[in-house]
Every structure is written in structure tokens, then in C-alpha cells.
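In our numbering, the protein residues as written are -4 to 136.
Backbone N, C-alpha and C fix where the C-beta goes; we use that ideal spot for every residue, glycine too.
None of the values given here were measured: they were computed from a predicted structure.
Here the structure comes first, spelled out in C-alpha cells, and everything after it is commentary.
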Ligand SMILES: [Zn+2]
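As C-alpha cells, then:
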């Protein structure tokens, strides 16, 4: 601890992946900032000083969970999580408002999103409840 001094130190004191307490699978970390943009009444959220993770299993009701195994379920969100819904109206790109059926019906959309992402015009970290780039949620074509 005593030689822990640089400003970058402390950023990696928690695991990058953690098991969802409900389905037991490991998921990636999500920024607290992302959670604040998707939960209902974020002012009532008892946010702790710990890492949080995003569970994308459509059969699991947990969306976010903490290192302490506390959970935030789909009903506690104001955003509908597309990867949890698995239907054609599910939103897959939150930055540009693309549904799964949009992406399936018009292949140009993925190209558009790819270009805009390359130009830095996406806002996945905030707008996508996973905090990650939406391109990986697009259907493979
Ligand atoms: Zn889960």
C-alpha cells in the first residue's frame, strides 16, 4: 500500500469481471456513470464505492450488479435494455436509435453507425446501458 502513489493507481484494484449473483456467469465492468444514466431515480440509488458490472443474459432479470453482489434489475431502469428483450423492436444502438428490425432491414445502417463511431460521434458509454459500443449487438451479416 505504501508505494501506491501514482494517480493511475487505484483504477485496477477491482476485478474487470465478476459473476452475476443470479445466473453465475462472468460479466464485464460498467462505469458508475453509465448506471446513473439508466436507473430510475438515480438520486435514490445507494451507490457504493465499488465496481459494478453489466449482465446481458436475456433470461436474467439482473442488469447491473456490484462487487458486493447487490443487484439492479430491469424494473429499476428507465431504459429498456434491448439485449434483454430479444424482440424486433429492441433498441440495439442507443446513440442513433436503431432497432433490431431496422438493422435487419437496412444494411446501410450498420455502415452509418460504424462510420459515426469511427469519427467519435457515438455516445455509447452514456447512452448504451451496457456502456459498451453497440456495434457488437448488430446482427452479423
Ligand atoms: Zn445475470
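DSSP three-state assignment for residue i, whether helix, strand or coil
i           : result
residue 119 : helix
residue 76  : coil
residue -4  : Since pLDDT at residue -4 reaches only 43, below the 50 mark, its modelled position is unreliable, and no value is offered.
residue 13  : strand
residue 21  : strand
residue 127 : coil
Any non-hydrogen atom of ligand 1 closer than 7 Å to residue i Cβ
i           : result
residue 18  : yes
residue 52  : yes
residue 15  : yes
residue 117 : no
Alpha-carbon spacing of residue i relative to residue j, whole angstroms
i           : j           : result
residue 79  : residue 50  : 9 Å
residue 54  : residue 118 : 27 Å
residue 102 : residue 8   : 42 Å
residue 11  : residue 83  : 31 Å
Contact between the stretch 88 to 103 and the stretch 55 to 70: three or more CB pairs below 8 Å? Because the criterion of three Cβ pairs below 8 Å is not met, the stretch 88 to 103 and the stretch 55 to 70 do not touch.
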